[in-house]
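Student:
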Amino acid sequence: MKIHLNNCPIIKFNVLPDPEKPVCLNVKYDKNASFAAGSTFPDFMVSVISEDSNIIKNINPARVSMKIWEGLSSGNRIPANVTTLGCSKVKDGKDEGFFYFRDKMVPERVGTYSIQFAFAIDKTNILSSEQIIIEVVANDPVQLLPESLPATPVVSNVRTVASRTLIKDLCLHIKDEYNNRTGYDLVGKIIAAIKSSSEEDTEIPVFQGKVKTIEFPFNRGSAEIVNLVLAENSPGRDSTEYILEFEADLPTLAKPLEPYRLSFMFYNDFKKQQRMATLTRERDELSKSIAVYRNMFDTTEQLITEMKCQVQEAETKQSHLKNELKKHQIDIPQTSILQCVDSLIKQKMLEQEGVKKSPRRACTLSNYPKDNQDILGKIAHLAQIEDDRAAKVISWHMASDMDCVVTLTTAAARRIFDETQGRQQVLPLDSVYKKTLPDWNRTLPHLRNGRNHFRPIGNPVFARDLLTFPENVEHCQIVFGMLLGDTIIIDNLDAANHYRKEVVKITHCPTLLTREGDRIRSNGKFGGLQNKAPPMDKLRGMVFGAPMPKLYSVLSGQIDLLQQYRTAVVKLHSVNQDLHLQLQSLNTPEMQKRKQELAEQEKSLKLIEEKLGMTPSGKGTESLLPLEALDMSDSPTPPKRMRR
1 MKIHLNNCPI
11 IKFNVLPDPE
21 KPVCLNVKYD
31 KNASFAAGST
41 FPDFMVSVIS
51 EDSNIIKNIN
61 PARVSMKIWE
71 GLSSGNRIPA
81 NVTTLGCSKV
91 KDGKDEGFFY
101 FRDKMVPERV
111 GTYSIQFAFA
121 IDKTNILSSE
131 QIIIEVVAND
141 PVQLLPESLP
151 ATPVVSNVRT
161 VASRTLIKDL
171 CLHIKDEYNN
181 RTGYDLVGKI
191 IAAIKSSSEE
201 DTEIPVFQGK
211 VKTIEFPFNR
221 GSAEIVNLVL
231 AENSPGRDST
241 EYILEFEADL
251 PTLAKPLEPY
261 RLSFMFYNDF
271 KKQQRMATLT
281 RERDELSKSI
291 AVYRNMFDTT
301 EQLITEMKCQ
311 VQEAETKQSH
321 LKNELKKHQI
331 DIPQTSILQC
341 VDSLIKQKML
351 EQEGVKKSPR
361 RACTLSNYPK
371 DNQDILGKIA
381 HLAQIEDDRA
391 AKVISWHMAS
401 DMDCVVTLTT
411 AAARRIFDET
421 QGRQQVLPLD
431 SVYKKTLPDW
441 NRTLPHLRNG
451 RNHFRPIGNP
461 VFARDLLTFP
471 ENVEHCQIVF
481 GMLLGDTIII
491 DNLDAANHYR
501 KEVVKITHCP
511 TLLTREGDRI
521 RSNGKFGGLQ
531 NKAPPMDKLR
541 GMVFGAPMPK
551 LYSVLSGQID
561 LLQQYRTAVV
571 KLHSVNQDLH
581 LQLQSLNTPE
591 MQKRKQELAE
601 QEKSLKLIEE
611 KLGMTPSGKG
621 TESLLPLEAL
631 DMSDSPTPPK
641 RMRR
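In UniProt numbering, the protein residues as written are 1 to 644.
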C-alpha cells in the first residue's frame, strides 16, 4: 500500500497476512455424487484457511460441524429445524488440518436440502462455508402402496353391484422404503387376485366374469384400480376374511416389489352384510386409534431407552476425560465442578500466555512478503532449533543460504529476481533434482556396517534431525535435505576427529559440526577462522529461531482436555435432566388416562371381532391391519435410529 502526499516522501506499508486468522472454509467432496433418500453422503473433507492462504492446523475437531436443513435459506441465515453433525479428524501427518465427515445419512424425504459447514472461532463468532444445495431423490423401488389407505371392504355375492364392489377407485404407487414415490420410468401391469389366509380353504371368491385375476395398466409409477367387483353368486365362505392382493409385473425392474394386500370381509346374506359392514367400520376406526396409541407408547419407550444410552455415553465420556486429566496431575473435586474447571482453564490460559510472551531466540532477518502461494519465504524462517548451541553452529554453517527465498516454481523465483534487480537469492524447488536428496530416515554412518559398527563418543546426530518445521514440512525437508545433506552435529572437536577417523574406515564421512562451534569439512579439513563459528551476537540475527517451549503444547493439551471435560459435565447434566423429566411424564394423569383408554379400546375391538366371527391371532390387531400400513400422520414419528 502506498500513500502519496504533495511534496512529501512516499511511505510504503507492507501488511503481512496473519497465518493464525481464519478467513474461509475449504470443502471438498464428490460433486458428481447422487443423493438417494436414506443412503450415505459422500465423504466431505473440510479445512480452515488462514489469511496467508494456508491450512490452519491444531484445531479441535469439536469446533467444526456440518449443518443440514430442508429447503433454501436467504444469505447465511440458518433455519430453526437444522440438524448439526460432528466430524472425525485424521491424526496422521499427511492429513493434518483436514476434517472428515464420513458415513453421514442422507435425509429420508425427497426434496431440496441445504448443507453448510461451520467453524467456531470462539463462543460468539462462527465462520461458515458457502451453502451446498443438493437434491435428494427417491431410493430403489421396494413396495406398492395406495395414495391413501382404504377402509376394509365388506362384500357379498348378491345381485346388487354395490354390495359386490371391492374397490370403486384406488390409486397404487411405487414407493421406496422411506415412502417416497419413485419408478416414474417403469411400464407394466398390476395383477389383482383374491387369496385366502388359510391354505386349506378351497372356496375362493372370484371377480366379475368368473375370472380369478384382473390386470390393470401401470404407467409412470402408478396404476388406477377402478370398479373391482365380485362375481354374482361367487364362491366363498360366509363371514370369512379374504385378501385382495395386487402384484406388480414390471419387466424392466430387476428386483420384484412387495405386493399390496387389502383384507376384506365376505358374506352370503345381504342383511348380514349390512350389519357386518357397520361393525367392520367400527373395527377399522378402533384399529387405527389403537395403532396411534401403541405408536405413541412405543415412541416414548424408545425415547427413554435412547436417553438412557445417552446418559451412559455421557458418563463414560466424563469418566474417561477425568482419568486423562489425572494423568496430567489435574484432580477435579466432586462438588462445584464447573467453577473449579473454569478456574483451572483460566489459570492454564494465563500460564500459556506467559510462556508465549517469554523471551526466546528469534530470527531478526526480515522475511520476504508471502503475497503468493508459490513463495515459502526465506530459509532462515523455514525452520526452528531448540538447542542454542546447535542453533548457533547450524545457522553459521548455513550463513550464505539464510537470506535465500524459497519458491515452489521457477516462475515465482524469476519474478522476485526481476523485482529486486537480481539482488535477492532465490531457490525454486521445481528445479531440484530430488533423486540425490538424502533419505530423511537414514541411519548415521557408524551404524551402516552391520555388527561391525563402533561406539562413538560425543552424541552424534544428523543436523537435520534437530530442525522443526512450523509449516510446509515436505517442502522444507527438500530444502534442508539438499543444503544440509548428511551433516552431523557432535559435542566437541576431539569427539568429531575420533568419529571421522573411525567412519572413513568403512564409508564416506560427511561434514561434522560441533556444539562448541567447530567444523570439520567432508574432505577432512578443519581449523582456521573459516571453520570456527563466531559468538551468537556476531551473527546479526541471522539465526534459526527457537520453537515454542514444550510447556506451551503441554498447557494447550491440558486446556483442551479441561474444555472437553467441561462440555462432558454440561452434557451429562442435560441428558440426566431430560431423562428425569421424561420418566416423570409416564406417571402424569394424562398418560394414565391414555393407557386406560387403550385398554378399553382393545377390549371393544375384541368384542367386535367376536361378532364378526374372526379369530384374533394373539398378537393384538396385527392380523387385522398391519401397523405399518396404517395412516398415522397424527402420531409422533420416532427418529430413524429408534425405528431400527
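From the three backbone atoms N, C-alpha and C, an ideal C-beta is built for every residue, glycine too.
#1: Could you check where the alpha helix (DSSP H) with residue 483 kicks off and where it finishes?
#2: Might you give, ordered along the chain, the residues of its own chain that have their beta carbon closer than 8 angstroms to the beta carbon of residue 22, omitting 5 neighbours on each side?
#3: Near residue 344, what residues of its chain come up, given a Cβ to Cβ distance below 6 angstroms and the 5 sequence neighbours on each side ignored?
#4: In whole angstroms, what is the alpha-carbon distance linking residue 245 and residue 193?
#5: Once DSSP output is grouped into helix, strand and coil, what is the label at residue 24?
#6: What would DSSP say about residue 617, mapped onto helix, strand or coil?
#7: Taking all protein chains shown into account, decide if residue 171 is buried (16 or more other Cβ within 10 angstroms of its Cβ) or exposed.
#8: Check for me: the beta strand (DSSP E) holding residue 565 runs from which residue to which?
#9: Could you compute how far the alpha carbon of residue 414 sits from the alpha carbon of residue 471?
#10: Are there three or more Cβ pairs, one per stretch, closer than 8 angstroms when the region 346 to 363 is compared with the region 541 to 556?
#11: Measure from the alpha carbon of residue 358 to the alpha carbon of each residue in 378, 548, 531, 570, then state which is nearest.
#12: Can you round the beta-carbon distance between residue 280 and residue 155 to whole angstroms, since I take them to be within the 8 angstroms contact cut?
#13: Within the continuous beta strand (DSSP E) that includes residue 195, where are the two ends?
#14: For residue 11, count neighbouring C-beta atoms within 10 Å of its own C-beta (all shown protein chains included) and say buried if the count is 16 or more, exposed if not.
#15: Answer yes if the region 461 to 477 comes into contact with the region 498 to 507, meaning at least three C-beta pairs across the two stretches below 8 angstroms, and no otherwise.
#16: Sort 58, 88, 213, 390 by Cα distance to residue 488 and report the nearest one.
#17: If you follow the beta strand (DSSP E) that residue 488 is in, where does it begin and where does it stop?
#18: Per DSSP, which one or two residues make a beta bridge with residue 545?
#19: Just to confirm my understanding: we take residue 526, look at its own chain, exclude 5 residues before and 5 after, and list those with CB closer than 6 angstroms. What are they?
#20: DSSP has residue 84 in a bridge; who is on the other side?
#21: Which of the three DSSP states is assigned to residue 104 in this structure?
#22: Report all residues from its chain with a CB closer than 7 angstroms to the CB of residue 457; omit the five preceding and five following residues, and keep chain order.
#23: Residues in its own chain within less than 8 angstroms of residue 560 by CB, not counting five upstream and five downstream?
#24: Along the chain, which unbroken stretches of the beta strand (DSSP E) at least 3 residues long are found entirely within the region 189 to 261?
#25: Over the uninterrupted beta strand (DSSP E) stretch that includes residue 156, give me the two end residues.
#26: So, helix, strand or coil for residue 393, using DSSP?
#27: Just the Cα atoms here: how many angstroms apart are residue 651 and residue 439?
#28: If you draw a straight line from the C-alpha of residue 437 to the C-alpha of residue 482, how long is it?
#29: What whole-angstrom Cβ distance do residue 407 and residue 428 have, given they're in contact under 8 angstroms?
#30: Could you name the residues that DSSP lists as bridge partners for residue 265?
#31: What residue from 492, 420, 485, 517 has the CA that sits closest to residue 441's CA?
#32: Tell me the rounded alpha-carbon separation between residue 324 and residue 558.
#33: What separation, rounded to the nearest whole angstrom, lies between the Cα atoms of residue 368 and residue 377?
#34: Do three or more CB pairs link the region 234 to 249 to the region 194 to 205 at distances below 8 angstroms?
#35: Just to confirm, is the Cβ distance from residue 289 to residue 601 under 7 angstroms?
Tutor: Concretely, from the data shown:
#1: 473 to 484
#2: 48, 49, 50, 56, 119, 121, 127
#3: Cβ neighbours of residue 344 beyond the five flanking positions: 562.
#4: 5 angstroms
#5: Three-state result, residue 24: strand.
#6: At residue 617 the pLDDT is 38, less than 50, meaning the model places this residue with poor confidence and gives no usable figure here.
#7: exposed
#8: Looking at the DSSP string, residue 565 is not in any beta strand (DSSP E); the run it does join, the alpha helix (DSSP H), is 550 to 585.
#9: The alpha-carbon atoms of residue 414 and residue 471 are separated by roughly 24 angstroms.
#10: Flag = yes, the region 346 to 363 and the region 541 to 556 touch.
#11: Considering only alpha carbons, the answer is 548.
#12: Their Cβ separation, rounded to whole angstroms, is 10 angstroms, which puts residue 280 and residue 155 out of contact at 8 angstroms.
#13: Note, residue 195: beta strand (DSSP E), 187 to 196.
#14: exposed
#15: no
#16: 390
#17: Where residue 488 is concerned, the enclosing beta strand (DSSP E) starts and stops at 488 to 490.
#18: 384
#19: 520
#20: 67
#21: Correct three-state label for residue 104: coil.
#22: 495, 498
#23: So the qualifying residues of the chain are 60.
#24: Taken in chain order, the unbroken stretches of beta strand (DSSP E) that lie wholly in the region 189 to 261 and span 3 residues or more are 213 to 219, 222 to 229, 240 to 249.
#25: 154 to 156
#26: Of the three classes helix, strand and coil, the one that applies to residue 393 here is helix, per DSSP.
#27: Only positions 1 to 644 of the chain appear in the structure, and residue 651 is not among them; the question remains open.
#28: 6 angstroms
#29: 5 angstroms
#30: 154, 241
#31: Comparing Cα positions, the closest option is 485.
#32: 9 angstroms
#33: 6 angstroms
#34: Remark: three or more beta-carbon pairs, one from each stretch, lie closer than 8 angstroms, so the region 234 to 249 and the region 194 to 205 are flagged as touching.
#35: yes
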